[in-house]
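Each step along the sequence shown adds one to the number in our numbering, with nothing skipped, and position 95 is 120.
By construction, the Cβ of each residue, glycine as well, lies at the ideal position given by its N, Cα and C atoms.
These numbers come from a predicted model, not from an experiment.
Take a look at the structure set out below.
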Amino acid sequence: MTPVHAAEGMISVQSSHSVPDTVTRLEQRLGAAGFRIFARIDHGAGAKSVDMPLAPTELLIFGKPEAGTLLMQSQPTVGIELPLKYLVWEDGDGKVMIGWNDPAWL
Numbered sequence: 026m027t028p029v030h031a032a033e034g035m036i037s038v039q040s041s042h043s044v045p046d047t048v049t050r051l052e053q054r055l056g057a058a059g060f061r062i063f064a065r066i067d068h069g070a071g072a073k074s075v076d077m078p079l080a081p082t083e084l085l086i087f088g089k090p091e092a093g094t095l096l097m098q099s100q101p102t103v104g105i106e107l108p109l110k111y112l113v114w115e116d117g118d119g120k121v122m123i124g125w126n127d128p129a130w131l
């Protein structure tokens, strides 16, 4: 997968799976790598609950407190970007994308 910059400071790659399956796969891989999953937010379900249209979109919030703490000890303002996040969405062409903040922007 070749990363593309969807928005300034953000990297995105295409997934070959649905939004829910992509997020589940990310959860499994992150958990196996020792990351803690803090939340999985289904923005599409939130939009549906107020009768508003939104393509499938989920946010996965995760981190490793040991690593995050070290970062904040050297640069406290990086805390605004922590915990880390993946945004997974279906674009207007039906492609599923995974996006995250470019570490260079942190």
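> Roughly how many whole angstroms lie between the Cα atoms of H42 and T94?
Replying inline: 33 Å
> Excluding five sequence neighbours on each side, which residues of the same chain lie with their C-beta closer than 8 Å to the C-beta of M97?
Replying inline: V103, G104 and L107
>> Can you tell me where the alpha helix (DSSP H) holding G88 begins and where it ends?
In response: Where G88 is concerned, there is no enclosing alpha helix (DSSP H), although the beta strand (DSSP E) it sits in stretches over T82 to G88.
>> Below 8 Å on the Cβ atoms is my contact criterion, and I expect L85 with E115 to pass it. Report the Cβ-Cβ distance as a whole number of Å.
In response: At roughly 15 Å, the Cβ-Cβ gap does not stay under 8 Å, so L85 and E115 are not in contact.
> Which partner residues of A92 appear in the DSSP bridge assignment?
Replying inline: None, per the DSSP bridge assignment.
> F60 to V121, Cα distance in whole Å?
Replying inline: 23 Å
>> Let me confirm a value: F87 is counted as buried when at least 16 other C-beta atoms fall within 10 Å, else exposed. Which label applies?
In response: buried
>> Give the list of continuous alpha helix (DSSP H) stretches no shorter than 4 residues that lie fully inside the region 53-78.
In response: 68-74
> Nearest to L55 by CA position, among L109, A129 and G117, is which residue?
Replying inline: L109
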